[in-house]
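Working notes, beginning with the structure itself.
2 protein chains.
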Amino acid sequence: MRTVTFLPSYRKIVVERGTTVLDAAQRAGLNMNVVCGGQGKCGKCVVYIQSGKTEFDKAKYGRFFSEEELKKGACLACETIVQGDLQVMVPESTLIQEQKILIKGLENEILFRPSTKKYYVELQPPTLSDPSPDLDRLLWGIQKSGGPDAEKMYAPLEKLRDIPSILRHSDWKVTATIGLVPGGYRVLDLQENDTSSRVYGVAVDLGSTTVVVYLWDLVTGIVVGVASNYNKQISCGEDILARVNYARKNGLTRLQALAVESINSAITSACNTAGIDRDDIYEVVVAGNTVMTHMLLGIDPAYMIAEPYVPVVRRALSIASSRINIACNPNGGVFAFPAVSDFIGGDIIADILACGMADRDEISLLVDIGTNFEVVLGNREWMFSCAGAAGPALEGGEVLYGMRANPGAIEKITIDPATLNPHYVTINNVKPRGICGSGL
Amino acid sequence: MRTVTFLPSYRKIVVERGTTVLDAAQRAGLNMNVVCGGQGKCGKCVVYIQSGKTEFDKAKYGRFFSEEELKKGACLACETIVQGDLQVMVPESTLIQEQKILIKGLENEILFRPSTKKYYVELQPPTLSDPSPDLDRLLWGIQKSGGPDAEKMYAPLEKLRDIPSILRHSDWKVTATIGLVPGGYRVLDLQENDTSSRVYGVAVDLGSTTVVVYLWDLVTGIVVGVASNYNKQISCGEDILARVNYARKNGLTRLQALAVESINSAITSACNTAGIDRDDIYEVVVAGNTVMTHMLLGIDPAYMIAEPYVPVVRRALSIASSRINIACNPNGGVFAFPAVSDFIGGDIIADILACGMADRDEISLLVDIGTNFEVVLGNREWMFSCAGAAGPALEGGEVLYGMRANPGAIEKITIDPATLNPHYVTINNVKPRGICGSGL
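Chains as they are written, first to last, in the working numbering: chain B, 161 to 600; chain U, 161 to 600.
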């Protein structure tokens, strides 16, 4: 085992000899900028070996560096093998910086009809003349309080095991959380006393670059918190193609965990800001493109990046949150939007629903500009859609002065109508270094 | 820690000082006869301490023994505390002996319509002109082979993860197992190539004394194996009341495990006889009384033995077999019959269905004589039922020469119509020792 110390943070990690420096850095929690997914192609994961023995093929990868840089120990983290204990300097430019993410939008009026509701019920204890089973007593009580038909509700085994003690311990005053799931209404939770004001849902926009979560109060229908995060999968590859290739090299488990981590840290941050317990979140709805959705669920995306471009599934999916470790109530559910195809994913379906174009007679044109770029044309009767890569244009690739939304990126330009003087705003109001997506 | 050695088998177990000898014996795997559930009341768990230090209150429990027996070290295992290393003789009469269980019955003609079926499909690989998702391709193939509507079938997450590699590795020739579950048809399993002839179901008669399993071939509709076992819960108490009391003293987990073990060893034995792999069993249907069903599922039965006699649940339940560790395919399902009340359980509902009385205009009288005794009177329009304890009469209690169906029990008596000479048959054809349920 070898100890690798990363500077300037002095983070240490113990790894086996033969590990790559990139792998060690990721395990140490550094958010390395790896555009190509660690294939030695992009030259972004630059580090400087300050002491210790490594293996690095200068003949093959020297082209990324000047003579001077090589003398200072420069190498590509993904192609450098740990041989001895190391001290490695990681320049700031190699780390993914905190980004500014667009989280405000136009708000369309929507019909508020949550699929998860809480019901507070005060039940009559059983008597010899009414010895109904605990479950029936509970479900009838919920139905009488305005809940679904008792016959359409069911309790999973772990809740059946809890019901008798919770009912008796609370003196028959309980709050049940009921969720609409395929096949009926499920008793998601049963709590003592009245907790009916505490039930939340989360809407997740799972992009390949950024993750945004909206925390909804499912009683009032109000958004009580918003938080965003870059997608931590970036450390395994900047674009979708690089990540699918990473997945093919036994990396799917890690990509899945990183997607979940990205969502969870945004949920945690939104909850902390709003002062809400994550255990009161019972519903998480995720809209993402087809590859992102596959990765989040740990389903192999390998067959989507080559002809004939075949996803495993495009249906809407409903999964217990505990199955993929989403940070909400362990009995909560995760709903993933359905896709149309490999290229038109659940994010676009969510766009279509949110903007209301599927309800209108007039023809609308929907444009979703993100790392990918999708266009949908149509109305309530028909729709056409197409998609292409837009990420390079918005995130620094191809555009001469293009860059990500890091400090120094021009994010807004206005022209005074009277004087015609232009005015720009950069992120963090520092000297301009380039232009990001919002600026373009 | 103390070592307790049980004679004559020389089974050893290491236990903490302060453990009861009964507990040590059960952990050593001895099937102790404990009618009262280990409360020092029935005097059945007699053992002889041959060496070592114990604590046993002779003043309180001496009444169960003669002076001579006490001199030989006789005591009740449930009331004897291990203090030092022990040698304990366990007389044969203290162990539950293998019993003869009634497993033959009249066979009613039934409509064969299994809820689990296998479909072998040969799919067309995807092309650019048909890039449908793997799941759709599979489900359409199943539908075309006579399966349910593709829209009504769904695949759980773990199967979605398996589908792409199995389809490609098998060259798109697979066998899918589809089960009818609440809410639709579930893809229970997906196997390479044609395994469609191997799909089995098990019907379990879960009695408080005995467990009988019938192994059905779900392709041909033929019973291919039968096996029986006593219910291993007997070691925690002979009758239902004693077992519920055992459950209340943190014993529910053990009772649940013993019920599962009893079923599993009967399933294993039936499979071995029939030469069938347990992994080919996808469906297990259990009929038991209300307390037994609660215990099998690990649901607290405590409120059923005192006024107002309230079960937790009386609905039919459908549970993944892996949730309660039933020895069948890990993706299989367990179906528990619904109950009417505390006293009229799923076993009686199964009786009613099996005998067909619910389909007839004529009034029938159904009598189920087991450890409990239930009577149902009625026809297709109405039914009355009642229940009482019958076990003591059939299993040795109350009846002067009554005994369980152990060797020496008279199990059959005939009277020659010509000579009027009586003739009896005993179990194992040995000298008569008493009369068992079949004999009565």
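Note that CB positions come from ideal geometry on N, CA and C, so glycine has one too.
Since this is a predicted model, take the numbers as computed values, not measurements.
**Prompt:** Going by DSSP, which residues form a beta bridge with U:Glu239?
**Reply:** None; U:Glu239 has no bridge partner.
**Item:** Reduced DSSP secondary structure (H/G/I, E/B, other) of B:Ile427
**Value:** In the three-state reduction of the DSSP assignment, B:Ile427 falls in the helix class.
**Cross-chain neighbours of B:Gly301 in chain U, by beta carbon under 8 angstroms** = Here the premise fails: no neighbours, minimum Cβ distance about 15 angstroms.
**Asked** Which residues in the same chain have their Cβ closer than 7 angstroms to the Cβ of B:Ser357, if we skip the five residues on either side of it in sequence?
**Response** Val379
**Message:** Let me see if you follow: with CB-CB separation under 8 angstroms, is U:Ile459 close to chain B or not?
**Reply:** yes
**Prompt:** Beta-carbon of U:Tyr469 versus every beta-carbon of chain B: anything under 8 angstroms?
**Reply:** Answer yes: the Cβ-Cβ gap between U:Tyr469 and chain B drops below 8 angstroms somewhere.
**Asked** Hey, quick one: how far does the alpha helix (DSSP H) through U:Glu571 stretch, first residue to last?
**Response** Unbroken run through U:Glu571 is the beta strand (DSSP E), Ala569 to Ile575; no alpha helix (DSSP H).
**Prompt:** Would U:Leu320 count as contacting chain B if we go by Cβ distances under 8 angstroms?
**Reply:** yes
**Message:** Quick check on this structure: which residue in B:Gly435, B:Val445 and B:Ala402 has the alpha carbon closest to the alpha carbon of B:Ala462?
**Reply:** B:Ala402
**Request:** On the DSSP bridge assignment, give the partners of U:Phe533 in chain order.
**Result:** U:Ile529 and U:Gly548
**Prompt:** Taking buried to mean at least 16 other C-beta atoms within 10 Å of its own C-beta, is B:Thr586 buried or exposed?
**Reply:** B:Thr586 counts as buried, since at least 16 other C-beta atoms from the protein chains shown sit within 10 angstroms of its C-beta.
**For B:Ile338, the residue or residues it bridges with in DSSP** = B:Lys277 and B:Val347
**Asked** Can you tell me the Cα-Cα spacing of B:Val445 and B:Asn491, whole angstroms?
**Response** 15 angstroms
**Prompt:** Does U:Pro342 get closer than 8 angstroms to chain B when you measure Cβ to Cβ?
**Reply:** yes
**Message:** Going by DSSP, what residue range makes up the beta strand (DSSP E) through U:Asp377?
**Reply:** Thr370 to Asp377
**Asked** Do U:Thr254 and U:Lys204 have their C-beta atoms within less than 8 angstroms of each other?
**Response** Yes.
**Message:** Three Cβ pairs or more, each shorter than 8 angstroms: is that satisfied between the region 391-400 of chain B and the region 473-490 of chain B?
**Reply:** In short, these stretches do not touch, since the Cβ pair count stays below three.
**Asked** Checking contacts by CB at 8 angstroms: is B:Pro490 closer than that to chain U?
**Response** no
**Request:** Spatial neighbours of B:Ala499 within its chain, please: CB distance less than 6 angstroms, with the 5 preceding and 5 following residues excluded, ordered by chain position.
**Result:** Thr450, Arg474, Gly505 and Gly506
**Asked** What are the start and end residues of the beta strand (DSSP E) that includes B:Glu443?
**Response** Ile441 to Gly448
**Prompt:** U:Ala123: buried (16+ other C-beta within 10 angstroms of its C-beta) or exposed?
**Reply:** Since the first and last residues shown for chain U are 161 and 600, residue 123 of chain U lies out of range.
**Item:** Backbone secondary structure at U:Leu255 - three-state DSSP
**Value:** strand
**Request:** Given a cut-off of 8 angstroms, decide if B:Ile323 and U:Val472 are closer than it, judged by their beta-carbon atoms.
**Result:** yes
**Asked** For B:Ala518, which three-state DSSP category applies?
**Response** helix
**Message:** Measuring only the C-alpha atoms, how far is U:Asp519 from U:Glu541?
**Reply:** 9 angstroms
**Message:** Per DSSP, what are the beta-bridge partners of B:Phe140 in this structure?
**Reply:** Chain B is shown from 161 up to 600; residue 140 of chain B falls before or after that span and cannot be answered.
**Message:** Taking beta-carbon pairs under 9 angstroms, can you tell me which members of the region 291-317 of chain B lie near chain U?
**Reply:** Here the close residues are Pro291, Ser292, Pro293, Asp294, Leu295, Asp296, Arg297, Tyr314, Ala315, Pro316 and Leu317.
**Asked** Ordered along the chain, which non-local residues of its own chain (more than five positions away) have a Cβ less than 6 angstroms from that of U:Tyr280?
**Response** Thr335, Asp354 and Ser356
**Asked** Apart from the five residues on each side of it in sequence, which residues of its chain come closer than 7 angstroms, Cβ to Cβ, to B:Gly212?
**Response** Gly244, Asp245, Leu246 and Gln247
**Message:** With DSSP as the reference, identify every bridge partner of B:Val194, one or two as the case may be.
**Reply:** BP columns for B:Val194 are empty, so no partner.
**Asked** Whose C-alpha, out of B:Cys596, B:Val164, B:Ala188 and B:Met517, is nearest the C-alpha of B:Gly178?
**Response** B:Val164
**Message:** Quick check: what's the CA-CA separation for B:Asp576 versus B:Ile595?
**Reply:** 20 angstroms
**Message:** Classify U:Glu228: buried if its beta carbon has 16 or more other beta carbons within 10 angstroms, exposed otherwise.
**Reply:** By the neighbour-count rule (16 or more Cβ atoms within 10 Å), U:Glu228 is not buried but exposed.
**B:Lys220, buried or exposed, once every other Cβ within 10 Å from all chains shown has been counted against 16** = Exposed, since its Cβ has fewer than 16 Cβ neighbours within 10 Å.
**Item:** Complete alpha helix (DSSP H) runs within the region 457-509 of chain U (minimum length 4 residues, chain order)
**Value:** 481-484
**Asked** So what's B:Ile302 in DSSP terms, helix, strand or just coil?
**Response** helix
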